[in-house]
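> Here the sequence shown is numbered in full-length UniProt numbering, starting from 1 and rising by one per residue.
Idealized CB from N, CA, C, for every residue including glycine.
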Amino acid sequence: MYNVCKYMHKLGMSIKKFVKMGSITAEQYEEITGKKYE
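1) Considering only residues of the stretch 2-29, which uninterrupted alpha helix (DSSP H) runs meet the minimum length of 4 residues and lie entirely inside it, listed in chain order?
2) Between Thr25 and Met13, what straight-line distance do the alpha-carbon atoms span, to the nearest angstrom?
3) Can you tell me whether Glu38 is helix, strand or coil according to DSSP?
4) In whole angstroms, what separates the C-alpha of Leu11 from that of Thr33?
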């Protein structure tokens with residue numbers, strides 16, 4: 001799932017909903033986007 005989110009972010013899609021669903025952690029979100037999850 002982490003790689004899927006990474007790819008989706010590259011395509012410019014928002015991956016915040018995946019953190020909410022628990023597919024990836026807030027730490028992984030930060031790793032992928034370089035931004036803090038709020």
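Working from what's here:
1) DSSP runs (the alpha helix (DSSP H)) wholly in the stretch 2-29: 2-10, 16-21.
2) Between the alpha carbons of Thr25 and Met13 lies a gap of roughly 17 Å.
3) Residue state, collapsed to three classes: coil.
4) If I take the Cα positions, the gap works out to 12 Å.
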